[in-house]
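All residue numbers for the sequence shown refer to the working numbering, where the first residue is 81 and numbers rise by one. Every residue gets a Cβ at the ideal spot worked out from N, C-alpha and C, and that includes glycine. On a predicted model such as this, the values are computed, not experimentally measured, just so you know. Only one structure is covered here, and it is reproduced in the block below.
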Amino acid sequence: MARIIKNGITEEASASNDAKVRQIVEDILTDIESNGDKAVRTLSEKFDNWSPDQFRLTDDQIQACVDALDESTRHDIEFAQAQVRNFAQIQRDSMKDVEVETMPGVVLGHKNIPVNSVGCYIPGGKYLL
81 MARIIKNGIT EEASASNDAK VRQIVEDILT DIESNGDKAV RTLSEKFDNW
131 SPDQFRLTDD QIQACVDALD ESTRHDIEFA QAQVRNFAQI QRDSMKDVEV
181 ETMPGVVLGH KNIPVNSVGC YIPGGKYLL
């Protein structure tokens, strides 16, 4: 006879958790929008216990980090990069620029313009890329 070891949470509990997570994320984004790098530093200390002089790594620091990786970890990172890059390219290819003259002198459309740089926080996780 099967024995249930663990039950999932109810829909109400799931919705409540989702609302709490959403509020936490909104608060974090508002803090960063209002306080910029100061907020990022505070959050880095809070979540990662990490507060470097500069968040942007030099080329030498990046290379030292890469050199410190074992071959298996490096392979895993390269695999994840390839997966993300492949999906991003497919996604980008689907977003075509559009420009149309709907009536004489009225031109509507959109254009996808890449940004020069972006920062992101990548927490350790369990989801496969």
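Would you report the Cα separation of residue i and residue j, rounded to the nearest angstrom?
i, j, result
"residue 107", "residue 113", "10 Å"
"residue 119", "residue 133", "14 Å"
"residue 154", "residue 169", "22 Å"
"residue 84", "residue 90", "16 Å"
"residue 156", "residue 117", "30 Å"
"residue 122", "residue 136", "16 Å"
"residue 151", "residue 92", "45 Å"
"residue 95", "residue 109", "21 Å"
"residue 159", "residue 194", "24 Å"
"residue 149", "residue 142", "11 Å"
May I ask you to report which of helix, strand or coil DSSP gives residue i?
i, result
"residue 182", "strand"
"residue 116", "helix"
"residue 187", "strand"
"residue 177", "coil"
"residue 157", "helix"
Which residues in the same chain as residue i place their Cβ atom closer than 8 Å to its Cβ, once the five residues preceding and following it in sequence are excluded?
i, result
"residue 82", "none"
"residue 177", "189, 190, 191, 192"
In chain order, what residues of the same chain have a beta carbon less than 7 Å from the beta carbon of residue i, not counting five sequence neighbours either side?
i, result
"residue 220", "With the chain covering 81 to 209 only, the question about residue 220 has no answer from this structure."
"residue 175", "192"
"residue 115", "none"
"residue 100", "none"
Less than 6 Å between C-beta atoms, sequence neighbours within five positions excluded: which residues of the same chain meet that for residue i?
i, result
"residue 182", "188"
If you scan the stretch 85-152 from start to end, which runs of the alpha helix (DSSP H) of 4 or more residues do you find wholly inside it?
91-128, 139-148
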